[in-house]
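Undergrad:
Protein chains: 2
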Amino acid sequence: MAEWLRDPGGEGFAHVYRIDEVLFDERSAYQHVRVVRTPLFGRMLVLDEAVQTTDSDEFIYHEMLAHLPLVTHPNPRSLLIIGGGDGGLLEEGLKHPLERAVMVEIDRMVVDATLRFIPEIPGDAFADPRTDLRVEDGFAYVRQTDLRFDVALVDSTDPHGPSVPLFGAQFYGDLHRVLADDGVLAAQSGSPLYQRDLIAQVRRNMGQHFPIVRTYVATVPTYPGVLWSFTLGSKRYDPVEIGRDQIASRVERFGLRYYTADQHHAALNPPPFLRYVTAGD
Amino acid sequence: MAEWLRDPGGEGFAHVYRIDEVLFDERSAYQHVRVVRTPLFGRMLVLDEAVQTTDSDEFIYHEMLAHLPLVTHPNPRSLLIIGGGDGGLLEEGLKHPLERAVMVEIDRMVVDATLRFIPEIPGDAFADPRTDLRVEDGFAYVRQTDLRFDVALVDSTDPHGPSVPLFGAQFYGDLHRVLADDGVLAAQSGSPLYQRDLIAQVRRNMGQHFPIVRTYVATVPTYPGVLWSFTLGSKRYDPVEIGRDQIASRVERFGLRYYTADQHHAALNPPPFLRYVTAGD
Numbered sequence: 001m002a003e004w005l006r007d008p009g010g011e012g013f014a015h016v017y018r019i020d021e022v023l024f025d026e027r028s029a030y031q032h033v034r035v036v037r038t039p040l041f042g043r044m045l046v047l048d049e050a051v052q053t054t055d056s057d058e059f060i061y062h063e064m065l066a067h068l069p070l071v072t073h074p075n076p077r078s079l080l081i082i083g084g085g086d087g088g089l090l091e092e093g094l095k096h097p098l099e100r101a102v103m104v105e106i107d108r109m110v111v112d113a114t115l116r117f118i119p120e121i122p123g124d125a126f127a128d129p130r131t132d133l134r135v136e137d138g139f140a141y142v143r144q145t146d147l148r149f150d151v152a153l154v155d156s157t158d159p160h161g162p163s164v165p166l167f168g169a170q171f172y173g174d175l176h177r178v179l180a181d182d183g184v185l186a187a188q189s190g191s192p193l194y195q196r197d198l199i200a201q202v203r204r205n206m207g208q209h210f211p212i213v214r215t216y217v218a219t220v221p222t223y224p225g226v227l228w229s230f231t232l233g234s235k236r237y238d239p240v241e242i243g244r245d246q247i248a249s250r251v252e253r254f255g256l257r258y259y260t261a262d263q264h265h266a267a268l269n270p271p272p273f274l275r276y277v278t279a280g281d
Numbered sequence: 282m283a284e285w286l287r288d289p290g291g292e293g294f295a296h297v298y299r300i301d302e303v304l305f306d307e308r309s310a311y312q313h314v315r316v317v318r319t320p321l322f323g324r325m326l327v328l329d330e331a332v333q334t335t336d337s338d339e340f341i342y343h344e345m346l347a348h349l350p351l352v353t354h355p356n357p358r359s360l361l362i363i364g365g366g367d368g369g370l371l372e373e374g375l376k377h378p379l380e381r382a383v384m385v386e387i388d389r390m391v392v393d394a395t396l397r398f399i400p401e402i403p404g405d406a407f408a409d410p411r412t413d414l415r416v417e418d419g420f421a422y423v424r425q426t427d428l429r430f431d432v433a434l435v436d437s438t439d440p441h442g443p444s445v446p447l448f449g450a451q452f453y454g455d456l457h458r459v460l461a462d463d464g465v466l467a468a469q470s471g472s473p474l475y476q477r478d479l480i481a482q483v484r485r486n487m488g489q490h491f492p493i494v495r496t497y498v499a500t501v502p503t504y505p506g507v508l509w510s511f512t513l514g515s516k517r518y519d520p521v522e523i524g525r526d527q528i529a530s531r532v533e534r535f536g537l538r539y540y541t542a543d544q545h546h547a548a549l550n551p552p553p554f555l556r557y558v559t560a561g562d
């Protein structure tokens, strides 16, 4: 009897995947870290019971969390990533002409397991001379750093355990402090199908500090429920106002598979049944 | 221990749903027909092991299969639906100023079970004076009818058992015969993630008869893999060329929850990783 992975999404619903091979299976100080091979989606990084990223669809989540906010800023030179231990978000960010990218991941085991078993996801991102990988608590880092950034991205697990503070008003206030006067913040904000309260909370908490708050959506096949939300907080630039030509000129050389000028605006302008997301709580 | 429904999607992948209540559970001459209640998605119509439609997201599939082709035709007066026993597609079609809608469903039990346990999906569609519901084999009906239609929609289960001929070149040829000289056909054509061969087959078979073939996608949370494809064959009108204002004026009074002018074009212009779908095999 094959082993199956069960990734719950809301009450009484889950995605299940047959595990053909367990490549890595250890417990860190923070979570249960696994890399498994599945037939349809290839290798998967799994934290506790939740699929974080896969061979086959990682680019959707990472492109949407990286490029939409980076393109919203006209000239980002410095990037801060909180979480994102698999390096996929860092890799996307480094496609832009940044001078430096600081990534603060609390759990070294996530970085190491990905580098060893799904190295295609980070690619060369961790070896890039612009990268400063810091293995420490992102919440504490943002409280005390003297550095300033143009764009900050929060690639956290869902709010349980060490991720809880990463969805709070205090954290967004600290991120506001470390962002430049025209800085842009974006964070994953959960499922529009079964985490509506979380999205409302993120929007409310970001709105305490940022004058512009926009939630956008993408379709990630391996996240249960599949529609996924991201919320952006901005001091000056509104992603809704970025022109298609401007977007295309910024990303056309990147060879992206999901994010385009059309997807930028489609993500910010979802079908009517999701307008509650973008209209706020 | 609660009972769970398991809807497989490709190799080693499934959606699972906790069943809180079984409302209907019988076997027809064609399939195992169930209506169950689940916590996250409400009532579901299940044929064999596959979720067909639910309370909570039926509008996505039905709006996209109905309105995009109906709007592609400038003035549809007559509609043919093959399959679609739950009536959700018929209900959407009847929002247009049609003179008649013929629906040919092979399995009366699907119609009866939906009407009894999820009556909100068909609404009043089966009682509409424009509706002619025929319980018979759709393949045979299209072979012999003398009627002609402006738009034909194929809302079938995936190709197994009685649905197999509904994906073949013979059937699309027969549909071409019953369509007017400017007629439009559309059919569900499976998952872009694990039924790529099916999409290619549908495009190839439709292309033997229709000069214009377009595949489009939507996000249906309760279909495994969630990205879903539809393929349109047209004798004269190209859905890519329909203007946004024209679309909006046709559907603005319908109160739709997914299909809009923006979604029409987004569905035909998917992210790059899905371009193989629209570019053909």
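Taken in order, these protein sequences are the chains called G and Y. Counting with the working numbering, you get residues 1 to 281 for the letters of the first sequence. Counting with the working numbering, you get residues 282 to 562 for the letters of the second sequence. For each residue, glycine too, the CB sits at the ideal point set by N, CA and C.
In angstroms with no decimal places, state the Cα-to-Cα distance between A547(Y) and R27(G).
TA: As a working note, residue 547(Y) is residue 266 in the second sequence. As a working note, residue 27(G) is residue 27 in the first sequence. Looking at the two C-alpha atoms, the distance is approximately 42 Å.
Undergrad: Taking only the alpha-carbon atoms, compute the straight-line gap between D562(Y) and T496(Y) and give it to the nearest angstrom.
TA: Numbered from its first residue, the second sequence carries residue 562(Y) at position 281. Numbered from its first residue, the second sequence carries residue 496(Y) at position 215. Residue placement at D562(Y) is poorly supported in this model, since its pLDDT is 42, which falls under 50; the coordinates still yield a value, given next. Cα to Cα, D562(Y) sits roughly 11 Å from T496(Y).
Undergrad: Taking all protein chains shown into account, decide if A310(Y) is buried (16 or more other Cβ within 10 angstroms of its Cβ) or exposed.
TA: As a working mapping, residue 310(Y) is identified with position 29 in the second sequence. Burial call: exposed.
Undergrad: I need the DSSP call for F230(G), collapsed to helix, strand or coil.
TA: Your numbering for residue 230(G) matches position 230 in the first sequence. If DSSP states are grouped into helix, strand and coil, F230(G) belongs with the strands.
Undergrad: Just checking: is the beta-carbon of G123(G) within a distance shorter than 7 Å of some beta-carbon in chain Y?
TA: What you label residue 123(G) is simply residue 123 of the first sequence in a count that begins at 1. Not one chain Y Cβ lies under 7 Å of G123(G).
Undergrad: Is it true that the CB of D7(G) sits closer than 7 Å to the CB of E73(G)?
TA: Translated into the one-based positions of the first sequence, residue 73(G) becomes position 73. Translated into the one-based positions of the first sequence, residue 7(G) becomes position 7. Correcting the residue identity first, residue 73(G) is His in this sequence and not Glu. No, these two residues do not count as a Cβ contact at 7 Å.
Undergrad: Would you call H545(Y) buried or exposed, if buried means 16 or more other Cβ atoms sit within 10 Å of its Cβ?
TA: As a position in the second sequence, residue 545(Y) is number 264, starting the count at 1. Taking all protein chains in view, the Cβ of H545(Y) is crowded by 16 or more other Cβ atoms within 10 Å, so the residue is classified as buried.
Undergrad: Among H313(Y), T512(Y), L351(Y), Y518(Y), which one has its Cα closest to the Cα of R389(Y)?
TA: Numbered from its first residue, the second sequence carries residue 389(Y) at position 108. For R389(Y), the nearest C-alpha among the options comes from H313(Y).
Undergrad: So, is H67(G) buried or exposed, given that buried needs 16 or more other C-beta atoms within 10 angstroms?
TA: Taking the first sequence and counting its residues from 1, one reaches residue 67(G) at position 67. It is buried - the Cβ of H67(G) has at least 16 other Cβ atoms within 10 Å.
Undergrad: Check the Cβ-Cβ distances between V36(G) and every residue of chain Y, and say whether any is below 7 Å.
TA: For the purposes of this step, residue 36(G) is taken as the residue at position 36 of the first sequence. Closer than 7 Å: no.
Undergrad: Please classify P530(Y) as buried or exposed, where buried requires at least 16 neighbouring CB atoms within 10 angstroms.
TA: The sequence position of residue 530(Y) within the second sequence is 249, counting from 1. The residue you asked about is not Pro; residue 530(Y) is Ser in the sequence shown. The residue is exposed, with fewer than 16 neighbouring Cβ atoms inside 10 Å.
Undergrad: Please check the pair Q188(G) and F230(G), which I expect to be a contact at CB under 8 Å, by giving their CB distance rounded to whole angstroms.
TA: Taking the first sequence and counting its residues from 1, the one referred to as residue 188(G) is at position 188. Taking the first sequence and counting its residues from 1, the one referred to as residue 230(G) is at position 230. The Cβ separation is near 6 Å, so the contact holds.
Undergrad: From H296(Y), Y298(Y), V297(Y), V317(Y), pick the residue whose C-alpha is nearest to that of D306(Y); which is it?
TA: Walking along the second sequence from the start, residue 306(Y) turns up at place 25. Ranked by Cα distance from D306(Y), the first of H296(Y), Y298(Y), V297(Y), V317(Y) is V317(Y).
Undergrad: Rounded to a whole number of angstroms, what is the C-alpha to C-alpha distance between S359(Y) and L379(Y)?
TA: The sequence position of residue 359(Y) within the second sequence is 78, counting from 1. The sequence position of residue 379(Y) within the second sequence is 98, counting from 1. Distance between the alpha carbons of S359(Y) and L379(Y) is about 6 Å.
Undergrad: Given this structure, state the Cα-to-Cα distance separating R324(Y) from A279(G), to the nearest angstrom.
TA: Counted from its first residue, the second sequence places residue 324(Y) at position 43. Counted from its first residue, the first sequence places residue 279(G) at position 279. If I take the Cα positions, the gap works out to 28 Å.
Undergrad: Closer than 7 Å between beta carbons: that is the criterion. Which residues of the stretch 541-560 of chain Y meet it against chain G?
TA: T541, D543, Q544, A547, N550, P552, P553, F554
Undergrad: By Cβ distance, which residues of its chain are closer than 6 Å to F273(G), with the 5 residues on each side in sequence left out?
TA: As a position in the first sequence, residue 273(G) is number 273, starting the count at 1. Here the set comprises nothing.
Undergrad: Have a look at the DSSP bridge pairing and note the partners of V135(G).
TA: Translated into positions along the first sequence, residue 135(G) becomes position 135. Partner(s): E105(G).
Undergrad: Can you give the Cα-Cα distance for S234(G) and D86(G), rounded to whole angstroms?
TA: Position 234 of the first sequence holds residue 234(G). Position 86 of the first sequence holds residue 86(G). Answer to the nearest angstrom: the Cα atoms are 26 Å apart.
Undergrad: Go through its chain and collect everything with a Cβ distance to I118(G)'s Cβ below 6 Å, but skip five positions before and after it.
TA: Within the first sequence, the letter at position 118 stands for residue 118(G). Hits under 6 Å: R43.
Undergrad: When you compare the CB of E401(Y) with every CB in chain G, is at least one pair closer than 7 Å?
TA: Taking the first residue of the second sequence as position 1, residue 401(Y) is located at position 120. Chain G contact via Cβ: absent.
Undergrad: Which first and last residues belong to the beta strand (DSSP E) in which S189(G) is found?
TA: For the purposes of this step, residue 189(G) is taken as the residue at position 189 of the first sequence. Where S189(G) is concerned, the enclosing beta strand (DSSP E) stretches over 179-190.
Undergrad: Residues in the same chain with beta-carbon distance under 6 Å from Y298(Y), minus the five sequence neighbours each way, listed in chain order, please.
TA: Within the second sequence, numbered from 1, the residue matching residue 298(Y) stands at position 17. If we look at Y298(Y) and ignore the five residues flanking it on each side, its Cβ neighbours are L286, T319.
Undergrad: Using a threshold of 7 Å, state whether the C-beta atoms of V240(G) and L198(G) are closer than that.
TA: Counting from one through the first sequence, the residue named residue 240(G) turns up at place 240. Counting from one through the first sequence, the residue named residue 198(G) turns up at place 198. No, the Cβ-Cβ distance between V240(G) and L198(G) is not below 7 Å.
Undergrad: Should G323(Y) be flagged as near chain G, meaning a C-beta pair shorter than 7 Å?
TA: Numbered from 1 along the second sequence, position 42 holds the residue referred to as residue 323(Y). Chain G contact via Cβ: absent.
Undergrad: Is D262(G) helix, strand or coil by DSSP?
TA: As a position in the first sequence, residue 262(G) is number 262, starting the count at 1. Look at D262(G) here: in three-state DSSP terms it is helix.
Undergrad: I want to verify the contact list: residues of chain G whose CB lies under 8 Å from the CB of F294(Y), in sequence order.
TA: Position 13 of the second sequence, counted from the start, is the residue given in the question as residue 294(Y). Correct list: H15, V16, Y17, R18, T38, P39, L40, F41.
Undergrad: Of all the options P443(Y), T426(Y), V391(Y), S472(Y), which has the alpha carbon lying nearest to the alpha carbon of H457(Y)?
TA: Residue 457(Y) sits at position 176 when you count from the first residue of the second sequence. Considering only alpha carbons, the answer is T426(Y).
Undergrad: Assuming contact is defined by CB atoms lying nearer than 7 Å, are E63(G) and L256(G) in contact in what I supplied?
TA: Taking the first sequence and counting its residues from 1, one reaches residue 63(G) at position 63. Taking the first sequence and counting its residues from 1, one reaches residue 256(G) at position 256. Yes. Within cutoff.
Undergrad: Just the Cα atoms here: how many angstroms apart are Q333(Y) and E21(G)?
TA: To locate residue 333(Y), count along the second sequence from 1; it is residue 52. To locate residue 21(G), count along the first sequence from 1; it is residue 21. Taking the straight line from one Cα to the other gives about 32 Å.
Undergrad: Quick one: does L286(Y) have its CB under 7 Å from some CB of chain G?
TA: As a position in the second sequence, residue 286(Y) is number 5, starting the count at 1. Cβ-Cβ to chain G under 7 Å: no for L286(Y).
Undergrad: I need the straight-line Cα distance from N75(G) to L179(G), nearest angstrom please.
TA: Here residue 75(G) corresponds to residue number 75 of the first sequence, with the count starting at 1. Here residue 179(G) corresponds to residue number 179 of the first sequence, with the count starting at 1. Pairing N75(G) with L179(G), the inter-Cα distance amounts to about 14 Å.
Undergrad: Shorter than 7 Å from the beta carbon of R204(G) to some beta carbon of chain Y?
TA: Residue numbering aside, residue 204(G) sits at position 204 when the first sequence is read from its first letter. No, no contact with chain Y.
Undergrad: Would you please verify whether the beta carbon of V226(G) is less than 7 Å from any beta carbon of chain Y?
TA: If you number the first sequence from 1, residue 226(G) lands on position 226. So yes, V226(G) belongs to the interface.
Undergrad: Using the Cα positions of G365(Y) and M384(Y), report the straight-line distance between them to the nearest angstrom.
TA: Position 84 of the second sequence, counted from the first residue, corresponds to residue 365(Y). Position 103 of the second sequence, counted from the first residue, corresponds to residue 384(Y). Rounded to the nearest whole angstrom, the C-alpha separation of G365(Y) and M384(Y) is 8 Å.
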